[in-house]
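Comments concern the structure below.
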Amino acid sequence: MQIKKYVLKSLFLFFIFFQLTHLFAEQNEVDSVWFQSSALFIGEEAFSQKIDKLREEREPLALVLSGGSARAYAHIGVLRELEKANIKPDFIVANSMGAIIGLLYASGFSPDDIEAIVTQVDLNSFFDIVFPLRGGILSSRYFLESLSRLFPNKNFDIKDSFIPIIVPTEDLYTKRQVLFAEGEITKIMAASFAMSFMMEPVPYLLESGQNLSLVDSGSIDLGSLKIAKRFTDNIIISTALYDTKLNLNNPVTVLNRTFSIGKERQLVQDILDFEPHLIRNDVEQFSFMDFTKVHEIIGRGEMSTKAFLNAKPEIVHGNFPPDEDVGFQSLRSERQKSAALFIEEIQRGRKPTSNLPYLGLKIRPNVAVIDFSEFLLAPEPTIGAYAFFDFGPFFTRAGAHTNIFNSFGGDFFSSLHFSSGFETKLSYNYRSPYGDLNQASHYVGLGLSWIFSPLKEVFFKPLFTAELLSDADFREKALFSQLGFSLFNTKDKPYQFSIEPSVFYNTAKLSPEFTKNNLGLTLSFFSKVHPFSKLGFSLTQLMRYTPFAEEAVLFYNDGFRAIYDYSSQANKNSIALSQLNLYWYTKNTGFTAMEAFKLEALSLGLFTDALYDFSFQNHPLFIVGLFSKQEISLAGLSSFNLEAYVGWDFEHAEPKASLRFVSQF
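One point on numbering: in my numbering, the residue at position 568 of the sequence shown is 599, and numbering is uninterrupted.
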């Protein structure tokens with residue numbers, strides 16, 4: 032009986048304890064909801080001490096740089112004109128894309144250095160399209176590593192900035208705003224720019240052990256004026272608002288517009304309430320995706336700031352250190368060298384890498400030829416789904432593919448590239464017709480290359496490739512190898528050229544296009560000229576000579592746009608391919624779709640291809656037609672090309688058409 036009472040009493044006490052614990056947990060959960068209204072301020076104490084010390088002399092001057100994606104490039108022009116007027120902010124509050132500009136400036140880069148970085152480096156190499164397994168369709172892992180190169184030891188704490196700075200972000204776990212006045216600069220940059228849905232949230236571990244998942248604070252408040260107001264009433268704000276006409280019949284545009292109303296309304300209300308000195312940049316008609324219109328947007332920022340200063344506002348401000356200040360001049364000089372080296376490395380082909388191991392998925396087109404164009408035996412384009420692993424200089428990918436119409440298969444690709452410019456690539460491809468595995472084929476390719484710059488904006492690239500093409504049982508094989516180099520200049524110049532001589536050798540017989548012990552020479556020359564603003568032409572001349580065999584043939588990657596019949600080329604040990612394009616083109620177009628895609632560049636024109644032998648004894652294979660090429664970007668950051676052509680093949684008296692996706696991801 033005593034035992035029964037004891038058991039009942041214990042159960043009753045346990046029940047009371049459980050209820051109290053549950054109630055306490057619920058209370059804590061409820062209390063945590065109210066934490067959303069208070070920001071988590073990293074480095075608040077040290078930052079406040081700096082501002083309090085300044086306040087002993089005068090009211091500190093805050094410079095607020097608003098968000099606005101590409102429109103925030105206007106802040107570069109603003110900073111340049113404020114410097115010319117010797118107006119030095121005592122601290123900066125920078126939001127979203129404005130934080131990228133603000134963090135670089137606060138850490139010592141001059142406006143000229145920042146402009147050089149954003150104009151001479153292609154942002155498309157910084158962002159990678161991935162399957163959305165981490166909350167976004169663009170990965171910023173390359174963005175993080177690339178910008179880390181701008182700082183010694185690839186790291187910099189923003190608490191050591193030349194100008195103190197606060198960068199707001201939003202934490203998805205706690206739903207609190209997180210303000211950074213100290214911390215690793217590249218991670219804070221990536222978090223400040225992590226647009227919801229578009230980019231993966233940035234994980235951040237606090238010293239307390241708390242994990243954060245950070246996104247762009249500009250999705251909540253474009254200006255963050257309230258943050259600056261906490262420390263001073265003396266504020267200059269540089270805006271990058273959006274006020275262009277939109278297609279409000281598109282549901283995606285309506286959704287984006289709905290989100291933008293709240294964040295812009297908050298900024299406008301704060302400007303009306305706090306009455307800061309206002310630089311309203313004349314960029315409101317630009318799209319947030321206009322990252323290629325850098326110079327124009329910066330110019331608008333300069334013009335708007337000049338108008339602001341001409342009104343002679345009464346600004347209490349500090350001055351920049353004089354030229355005699357060795358410390359400041361040394362910092363600027365160091366940052367200038369760092370920016371120049373960074374630009375040079377990216378331009379000469381030092382690819383961005385992943386600082387941390389990254390495992391992801393991709394859906395990608397054209398799997399065979401975009402990875403290493405020098406693989407001449409590479410199979411025709413397909414579409415595939417892939418898992419990939421990326422860490423440091425190492426990248427590997429494997430998956431399944433199909434050309435939709437008649438075949439399927441799998442392929443594997445791996446690359447290793449170093450800061451010296453050396454790169455090695457390995458590719459394997461298995462392909463089989465539907466329902467007939469006996470007709471399957473194996474392809475293996477190995478490529479070695481090294482790229483360096485002997486002259487400014489001119490690059491030299493020696494290369495070696497070895498390729499094996501085999502039937503399903505590996506009984507019949509064709510081995511192809513080539514040794515050569517290419518000499519070319521920087522892309523996107525008015526005058527482009529490349530020259531690519533190579534010696535090749537293939538052995539064994541697999542099909543009519545390959546014969547035993549075939550030694551030959553290939554010479555390819557490419558030139559593109561833009562003599563006028565929107566008109567251009569390009570010429571490609573390829574020559575292939577096989578002195579010890581009777582068949583010199585084309586490969587898929589040679590890009591002949593007519594129908595190629597190997598049998599018609601029998602008994603020819605030399606061939607030449609001439610390709611001419613005459614076209615109209617435009618860059619930085621204003622055409623966008625669904626507030627997500629932008630037409631960056633468009634080319635339309637005429638083309639003609641002619642294939643003949645050196646002796647001109649036989650009539651050439653000839654095609655004439657129309658072509659178009661579109662460069663389309665996602666959010667203005669990661670792009671792909673869509674190429675299409677249609678022409679008349681005079682040899683076979685029939686039309687030939689093609690549609691092709693080419694992407695860098």
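All residues carry an ideal CB built from backbone N, CA and C; glycine is no exception.
Note that this is a predicted model, so its numbers are computed, not measured.
So, with DSSP's three-state summary, where would you put TYR465? In the three-state DSSP reduction, TYR465 falls in the coil class, being neither helix nor strand.
Among ASN619, PHE557, TYR536, ASP502, which one has its Cα closest to the Cα of ALA580? For the options ASN619, PHE557, TYR536, ASP502, the alpha carbon positioned closest to that of ALA580 is the one of TYR536.
Roughly how many angstroms lie between the CA atoms of VAL677 and TYR474, to the nearest whole one? Their backbone Cα atoms lie some 30 Å apart in a straight line.
In angstroms with no decimal places, state the Cα-to-Cα distance between PHE78 and LYS190. Distance from the CA atom of PHE78 to the CA atom of LYS190, rounded to whole angstroms, is 8 Å.
Relative to the alpha-carbon of ALA431, which residue among ALA221, ILE168, PRO412, ALA70 has its alpha-carbon at the smallest distance? Residue PRO412 is the option with its Cα nearest to ALA431.
ILE219, buried or exposed, once every other Cβ within 10 Å from all chains shown has been counted against 16: Buried: at least 16 other Cβ atoms inside 10 Å.
Nearest-angstrom Cα distance between LEU256 and GLU405? Approximately 53 Å, taken between the alpha carbons.
Hey, quick one: how far does the beta strand (DSSP E) through LYS618 stretch, first residue to last? Element bounds for LYS618: 605–618.
Quick check: the region 626–638 against the region 654–667, are at least 3 beta-carbon pairs closer than 8 Å? Of all C-beta pairs linking the region 654–667 to the region 626–638, three or more are shorter than 8 Å, placing the two stretches in contact.
Supposed close pair ILE196, LEU134 - CB separation, criterion 8 Å: Contact between ILE196 and LEU134 is confirmed by a C-beta separation of about 6 Å, below the 8 Å threshold.
If we count the other Cβ atoms within 10 Å of its Cβ and call it buried at 16 or more, is LEU372 buried or exposed? By the Cβ-count criterion, LEU372 is exposed, with fewer than 16 other Cβ atoms from all chains shown falling within 10 Å of its own Cβ.
Close-in-space but distant-in-sequence residues of the same chain around GLU76 (CB under 7 Å, 5 per side omitted): Nothing listed; no residue qualifies.
Within 10 Å of its beta-carbon, does GLY98 have 16 or more other beta-carbons around it, so buried, or fewer, so exposed? The residue in question, GLY98, is buried, as its Cβ has 16 or more Cβ neighbours within 10 Å.
Rounded straight-line distance, which links the Cα of ALA666 to that of ALA627: Approximately 5 Å between the Cα atoms of the pair.
What residues match up with HIS432 in a beta bridge as DSSP calls it? For HIS432, which the question treats as bridged, DSSP gives the partners GLY415, GLY440.
Would you list the residues sitting across from ASP247 in a DSSP beta bridge? Paired residues: THR200.
Among all the DSSP beta bridges, which residues are the ones paired with ARG575? Paired residues: THR553, ILE606.
Assuming the contact rule is C-beta atoms closer than 8 Å, PHE557 and PHE591 should be a hit. Round their C-beta distance to whole Å, please. The Cβ separation is near 15 Å, so there is no contact.
Name, in chain order, the residues that DSSP records as bridge partners for TRP481. The partner list for TRP481 (beta bridge, DSSP) reads PHE453.
Where ASN350 sits in the DSSP three-state scheme: Coil, per DSSP.
Quick one: what's got a C-beta closer than 6 Å to GLU60's C-beta in the same chain, skipping five residues either side? In this predicted model, GLU60 has a pLDDT of only 44, less than 50, meaning its place in the structure is not dependable enough to derive any value.
Neighbour-count burial assignment, SER650, 16 or more Cβ in a 10 Å radius: Note on identity: in this sequence residue 650 is His, with Ser being the wrong assignment. Result: exposed.
Cα-Cα separation, LEU85 to PHE262: If I take the Cα positions, the gap works out to 11 Å.
With PHE359 as the anchor, note down where its alpha helix (DSSP H) starts and where it stops. Looking at the DSSP string, the run of the alpha helix (DSSP H) that includes PHE359 is 357–378.
Looking at LEU392 and LEU203, is the spacing between their C-beta atoms short of 9 Å? The Cβ atoms of LEU203 and LEU392 do not sit closer than 9 Å to each other.
Would you say the region 329–340 touches the region 102–118, given that touching needs at least three Cβ pairs under 8 Å? In short, these stretches touch, since the Cβ pair count reaches three.
On the premise that PRO234 lies in contact with ASN126, defined as a C-beta separation below 8 Å, what is that separation, rounded to the nearest angstrom? For ASN126 against PRO234, the beta-carbon gap comes to about 21 Å, at or over 8 Å, which does not count as contact.
Inter-residue Cα distance where the pair is ALA509 and GLU375: If I take the Cα positions, the gap works out to 40 Å.
When we look at the beta-carbon of THR289 and count the other beta-carbons within 10 Å, is it buried (16 or more) or exposed? The residue is exposed, with fewer than 16 neighbouring Cβ atoms inside 10 Å.
Straight-line gap, TYR614 to LEU566 (C-alpha atoms, nearest Å): In this model, TYR614 and LEU566 are separated by some 6 Å (Cα to Cα).
Just to check my reading of the structure: LYS492 and SER472 have Cβ atoms closer than 8 Å, yes? What is that Cβ distance to the nearest angstrom? In fact, because the Cβ distance is near 29 Å, the residues do not count as touching under 8 Å.
Closer than 7 Å by C-beta to ASN117: which residues in its own chain qualify, once you throw out the five before and the five after it? Chain order, please. Excluding sequence positions up to five before and after ASN117, its CB lies within less than 7 Å of the CB of ASN350, PHE351, all in the same chain and listed in chain order.
I'd like to confirm something about PRO388: is its beta-carbon nearer than 8 Å to some heavy atom of the ligand MG, or not? Within the structure as shown, the ligand MG is missing, as the structure has no ligands at all.
SER227 and SER244: beta carbons closer than 9 Å? No, these two residues do not count as a Cβ contact at 9 Å.
So which of PRO485, THR205, GLU315, PRO232 has the shortest CA-CA distance to GLN67? Comparing Cα-Cα distances from GLN67 to each of PRO485, THR205, GLU315, PRO232, the minimum goes to THR205.
Looking at ILE258 and HIS308, is the spacing between their C-beta atoms short of 9 Å? In this structure, HIS308 lies away from ILE258, with their beta-carbon atoms at least 9 Å apart.
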